[in-house]
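Student: Sequence order for the protein chains is A and B. To convert, count from 1 in the first sequence and add 16; that's this note's numbering. To convert, count from 1 in the second sequence and add 16; that's this note's numbering. Even glycine gets a Cβ: it sits at the ideal position worked out from N, Cα and C. One structure coming up, written as C-alpha cells, with questions to follow.
There are 2 protein chains.
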Amino acid sequence: MEKKISIIEVAKRLDVSPTTVSFILNGRSKEKRISDEIRDKVLKFVEEIGYKPNSLARSLRTGKTNTIALMVESISDPFFGHIARNIEEKAYKSGYKILYSSTGNNTEKTKEFLKMYEERHVDAYIIAAPEGIEGELQAIINSGKPVLLFDRYLKDLKTDTILVDNYQSTAKAVEELIQSGFKNIAFITLDSLQSQMNDRLLGYEETLKKHKLPQYLKEISYDFPPEKVTAHIEAFLQRRGEIDAVVFATNYLCVYGLKAIEKLGLIIPKDLGIVVFDDQDLFELYKPQITAIAQPIEEIANQIISLLLNKLNNPVKTKKIQTIVLNAEMIIRGSSSRA
Amino acid sequence: MEKKISIIEVAKRLDVSPTTVSFILNGRSKEKRISDEIRDKVLKFVEEIGYKPNSLARSLRTGKTNTIALMVESISDPFFGHIARNIEEKAYKSGYKILYSSTGNNTEKTKEFLKMYEERHVDAYIIAAPEGIEGELQAIINSGKPVLLFDRYLKDLKTDTILVDNYQSTAKAVEELIQSGFKNIAFITLDSLQSQMNDRLLGYEETLKKHKLPQYLKEISYDFPPEKVTAHIEAFLQRRGEIDAVVFATNYLCVYGLKAIEKLGLIIPKDLGIVVFDDQDLFELYKPQITAIAQPIEEIANQIISLLLNKLNNPVKTKKIQTIVLNAEMIIRGSSSRA
DNA sequence: CTGAAAGCGCTAACAG
DNA sequence: CTGTTAGCGCTTTCAG
C-alpha cells in the first residue's frame, strides 16, 4: 500500500513541489536554501508514512545504482569468503550493495559476468581477475567506471591494484625451510599464468637458485576435481622421493596435499616440511600445525574499499593510479622445522 | 560510445518502430506475428552493434529487477559460503543475480538490510533468518514477493522452507556416542532461539532422556569473540570433568572447541568423544578425524533455487506452501568411537 | 502486422 | 526560495 506513494504524492499532500521534496531528501536543503520549517515538515511526513524513494527511478535518472560488482575465484574459498565479508560490511556503511560472482578462474564465464554487470550499470568493479580479460576491463575503465584489481594484477592493464608481496612471501617461506635444514624443496602450484601465482613461483625459484638447491615444480590444473588433485600430488611426491619439503602456493592445494601426504604415510615435518600460502583454521589445528603465510585480510578489504570510495566520491578524475602492496605475515608453526 | 544507443535509436536506424524492436527482443515476435524478415533484420543489427537494453529502464517499467536477495549468517562460513556458491551459479543460469548480505544473526541489522532490498526491488528473498523478523517478512510476502527460508524456520511465518532434519541428526549423533560407550555427553551450542539450534538441542535432550543419561549443556553467545568462546568451552570442560563426549551444534563452535581441548591436553577420543554438526576439510583432516553430520549442500541449494524459480515463473499464485526437510548424513570417523 | 504515445518515479535545469 | 517541466530508456495499450 505504501509502496504506491511517489514523490509527487508526497509533494501534493504537503502542498509543496516535488523539486523541494527531492532536494530535501537528498540533503541539499541548505545548499538550496530551503526554509527549516518546510524541511522539517517534509522530513517528518516522509518519516511518518515511511516513504522511500524508488531507487530504480533514481538510478535510471542519475545513472548511479549504488552497486558494486565483486568478482572472486570462488565465494566459498576461505580467503575470498573473508574478503567478501569484510567488503560487504564496509560497502554497506557507505550505501553500496555488492553483487558478487565466482569466476572459477574461467575467462569466458568472467566475460559474461562482466556483460551482465554492465547491463545492470554497477558503479564499480572489484576483481580478482582471471587472465585474458584485459580488453573488456580496459573498455570499462574507458567508460569512466572505477575498476579495482586485487589478489593479482594484469600486466597490460593500468588500474588501481591491491596486492600482497607474493614474491617476498614465498621467498621467505623457502628461506625458512632452508634454515631448518631442508634441501629438496618442492613447489606445488596452479597451472596458471595469473600474476600472483607467477610471483609466488618466482620467489621460490630465485631463492633456491640463490642457494644452489634443486627445484621440484608441480603444476596442477584449477579445474581438476579434488580426487584428481590429491592423486596428482601423491604421484608427484612418490615419484620424487628425494623431496623433503613442500611449499603449497594456495590453501586448497595444501588441503588436498595433506590428504595425499597421509595416504603416503609421510610424517610432517620429519619426512616432509610444509609451508602454505594463506592461513585457515585447519592449518592452525592440524597436527603438527602448518606454517602459513597469512594475508592481511582485513587490511586488504580496507584498502580496497577506501580506494574505491575515494574514486567514487571524487567526480574529479583522480587520474593517479595506485598499486598498493601489502605484507603478508609468515606464521611459523611446527610443520616447517625439524627441531 | 555504444552505451548511448537506445531502443529508439535502433528502431530509427532500421526504420521500424520501437514497439516492434521491443517485441522481437523479448521473444514475442511469433506471438505478435512479426514477419521473419523483420525479426531477423532486427536481431542481426542488434547483435552487430552489441545493443543491450538498459535493464534499469526495463526494471522501472516492469517492476522486475532479476535480482534475488540472499541473507546468510556469514558469507565466510564454510556452510553458507558453499550454499552461496551453488545458488549463485544456478540463479545466474536463469538470468538472476544475487545480492547477498551477512546478517551476523543480528535482528536490527537484518531489518535494515530488508529495507534496503525492498528499496531496490529485489524479486525474491532467500533467508537464513535471525529471530524477530517475522513481521517484516510477512509484509513482504503480503506484497506478493516470494520469501524462502532455509537452514531454519520461523514459527509464526508460513512460507516455503528448506531444512535438514536437525532433530533426527543430533539424535543419531548422540545415539552413536552412546553406542560407543560414552556416558556423560555434553552439548555445546549457541545461545540462540533459532529453530535449527532448538531442534538440535531437543534431539540431544530427548535422546539422553530416553537413555536416562545426564545432560550437560553449554550455551555460547554468537557475539563472543573467538578467544572468549575458546575460554568458555575450556572452563566448561574443566569444571565438568566427568564429561566424556561432546556434540558441537555448529562447525565454528567445534573449531574453537578443538582449541580448548588441546589446551586442556585432552585426548580424542580417549578422554573425549566428539561429533560436530556440519562437515568441513578440517574435520576430515584433523587427527583423529572428527565424526560430522554433513548437510547435503548441493541438494539444499538445488531445492532452494528450483522452488524459487517455480514461484517466480508462475504468475499464478502458487498458494501451496512447501516445507522440504532433507536428511543430513552422519560421517562416522575416529572421534566418536573408542574402538 | 506496425506505430504513436503514455507513463514507471525521480532529478535538475530553468523560470519565476 | 519554490514550482514547472523535460526527460532517463523501456514496455505496452490502443489504434490503425
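With three or more beta-carbon pairs closer than 8 Å as the criterion, would you say the stretch 121 to 138 of chain A touches the stretch 93 to 104 of chain A?
Tutor: Output reads no: the stretch 93 to 104 of chain A does not touch the stretch 121 to 138 of chain A.
Student: Counting beta carbon pairs with one atom in the stretch 81 to 99 of chain B and one in the stretch 90 to 97 of chain A, are three or more of them shorter than 8 Å?
Tutor: Contact between the stretch 90 to 97 of chain A and the stretch 81 to 99 of chain B is present, because at least three Cβ pairs lie under 8 Å.
Student: Which residue marks the beginning of the beta strand (DSSP E) containing Ser75 of chain B, and which one marks its end?
Tutor: That residue, Ser75 of chain B, is in no beta strand (DSSP E); its alpha helix (DSSP H) goes 71 to 78.
Student: At a Cβ threshold of 8 Å, is Ala100 of chain A touching chain B?
Tutor: Yes, Ala100 of chain A lies at the interface with chain B (some Cβ there is under 8 Å from its Cβ).
Student: So, is the C-beta of Arg136 of chain B closer than 8 Å to a C-beta in chain A?
Tutor: Yes - at least one Cβ of chain A is within 8 Å of the one on Arg136 of chain B.
Student: Could you compute how far the alpha carbon of Ala27 of chain B sits from the alpha carbon of Val37 of chain B?
Tutor: If I take the Cα positions, the gap works out to 6 Å.
Student: Check whether the stretch 318 to 326 of chain B and the stretch 150 to 168 of chain B are in contact - that is, three or more C-beta pairs closer than 8 Å.
Tutor: Taking 8 Å as the limit for Cβ pairs, the verdict is that the stretch 150 to 168 of chain B does touch the stretch 318 to 326 of chain B.
Student: Mind checking Thr35 of chain A: buried by the 16 CB within 10 Å criterion, or exposed?
Tutor: Exposed: under 16 other Cβ atoms inside 10 Å.
Student: Shortest alpha-carbon distance to Lys345 of chain A belongs to which of A:Tyr183, A:Arg256, A:Ser51, A:Arg354?
Tutor: Note that residue 345 of chain A corresponds to Glu in the displayed sequence, not to Lys. Comparing Cα-Cα distances from Glu345 of chain A to each of A:Tyr183, A:Arg256, A:Ser51, A:Arg354, the minimum goes to A:Tyr183.
Student: Based on Cα-Cα distance, which residue from B:Val263, B:Pro230, B:Ala355 lies nearest to Ala187 of chain B?
Tutor: Comparing Cα positions, the closest option is B:Val263.
Student: Output the boundary residues of the alpha helix (DSSP H) element that contains Thr123 of chain A.
Tutor: Here the alpha helix (DSSP H) through Thr123 of chain A covers 123 to 135.
Student: Whole angstroms are fine: how far does the CA of Ile340 of chain A sit from the CA of Val271 of chain B?
Tutor: About 33 Å.
Student: Just the C-alpha distance for Ile201 of chain B and Thr123 of chain B, rounded to the nearest angstrom, thanks.
Tutor: When rounded, the distance between both Cα atoms is 32 Å.
Student: Alpha carbon to alpha carbon, how far is Leu269 of chain B from Leu288 of chain A?
Tutor: Cα to Cα, the separation comes out at about 31 Å.
Student: Please return the same chain residues whose Cβ sits closer than 7 Å to the Cβ of Ser353 of chain B, not counting the five positions on each side in sequence.
Tutor: Cβ within range, chain order: Ser196, Pro285.
Student: Check each residue of the stretch 245 to 277 of chain A: if its Cβ is closer than 8 Å to any Cβ of chain B, include it; give the result in chain order.
Tutor: Going along the stretch 245 to 277 of chain A in chain order, one finds Val271, Leu274, Lys275 with a Cβ nearer than 8 Å to chain B.
Student: Would you say Gly97 of chain B lies against chain A (beta-carbon separation less than 8 Å)?
Tutor: Yes - at least one Cβ of chain A is within 8 Å of the one on Gly97 of chain B.
Student: Any idea what DSSP makes of Glu235 of chain B, helix, strand or coil?
Tutor: DSSP places Glu235 of chain B in strand when its eight states are reduced to three.
Student: Step through the CB atoms of chain B and report whether any lies within less than 8 Å of the CB of Ser22 of chain A.
Tutor: Not an interface residue.
Student: Can you round the beta-carbon distance between Lys109 of chain B and Thr83 of chain B to whole angstroms, since I take them to be within the 8 Å contact cut?
Tutor: Going by Cβ atoms, the distance from Lys109 of chain B to Thr83 of chain B rounds to 15 Å, so no, they are not a contact pair.
Student: Buried or exposed: which applies to Gly273 of chain B, given that a residue is buried once 16 or more other Cβ atoms fall within 10 Å of its Cβ?
Tutor: Burial call: buried.
Student: List, in order along the chain, the chain B residues whose C-beta lies closer than 7 Å to that of Asp297 of chain A?
Tutor: Chain B residues near Asp297 of chain A: Val271, Leu298.
Student: Check whether the Cβ atoms of Ser211 of chain B and Tyr238 of chain B sit closer than 8 Å, and answer yes or no.
Tutor: Against a cut-off of 8 Å, the Cβ pair of Tyr238 of chain B and Ser211 of chain B comes out as no contact.
Student: Do Lys246 of chain A and Ala276 of chain A have their C-beta atoms closer together than 8 Å?
Tutor: Per the sequence shown, residue 246 of chain A should be read as Thr rather than Lys. It is a contact, given that the beta carbons lie within the stated cut-off.
Student: Helix, strand or coil: how does DSSP classify Met17 of chain B here?
Tutor: Residue confidence for Met17 of chain B is low, a pLDDT of 37 falling below 50, so the modelled location carries little weight and cannot support an answer.
Student: Taking the beta carbon of Asp297 of chain A as the centre, do at least 16 other beta carbons fall within 10 Å, making it buried, or is it exposed?
Tutor: That one is buried.
Student: Check the Cβ-Cβ distances between Leu76 of chain A and every residue of chain B, and say whether any is below 8 Å.
Tutor: Yes, contact with chain B.
Student: Using beta carbons (cut-off 8 Å, strictly below), is Tyr302 of chain A in contact with chain B?
Tutor: Answer yes: the Cβ-Cβ gap between Tyr302 of chain A and chain B drops below 8 Å somewhere.
Student: At which residues does the beta strand (DSSP E) containing Tyr141 of chain A begin and terminate?
Tutor: 140 to 143 is the extent of the beta strand (DSSP E) around Tyr141 of chain A.
Student: Residue range of the beta strand (DSSP E) that Phe264 of chain A falls in?
Tutor: Element bounds for Phe264 of chain A: 261 to 264.
Student: So, for Glu18 of chain B: in the same chain, excluding its five sequence neighbours on each side, which residues have a beta-carbon less than 8 Å away from its beta-carbon?
Tutor: Because Glu18 of chain B sits at a pLDDT of 44, beneath the cut-off of 50, its placement in the model cannot be relied upon, and the point is left open.
Student: Report all residues from its chain with a CB closer than 6 Å to the CB of Gly219 of chain A; omit the five preceding and five following residues, and keep chain order.
Tutor: For Gly219 of chain A, where only same-chain residues beyond five positions count, the Cβ hits under 6 Å are Tyr183, Thr186, Ala187.
Student: Between which two residues does the alpha helix (DSSP H) containing Leu224 of chain B stretch?
Tutor: 211 to 226 is the extent of the alpha helix (DSSP H) around Leu224 of chain B.
Student: Who are the Cβ neighbours of Tyr280 of chain B in its own chain at under 7 Å, not counting the five residues just before and after it?
Tutor: One detail in the question is off: residue 280 of chain B reads as Leu in this sequence, not Tyr. Cβ neighbours of Leu280 of chain B beyond the five flanking positions: Glu250, Leu253, Gln254.
Student: If I follow the unbroken beta strand (DSSP E) through Lys113 of chain A, where does it start and stop?
Tutor: First-last of the beta strand (DSSP E) with Lys113 of chain A: 113 to 118.
Student: Have a look at Ile21 of chain A and Leu41 of chain B and give me their C-alpha separation to the nearest angstrom.
Tutor: If you take the alpha carbons of Ile21 of chain A and Leu41 of chain B, they lie about 31 Å apart.
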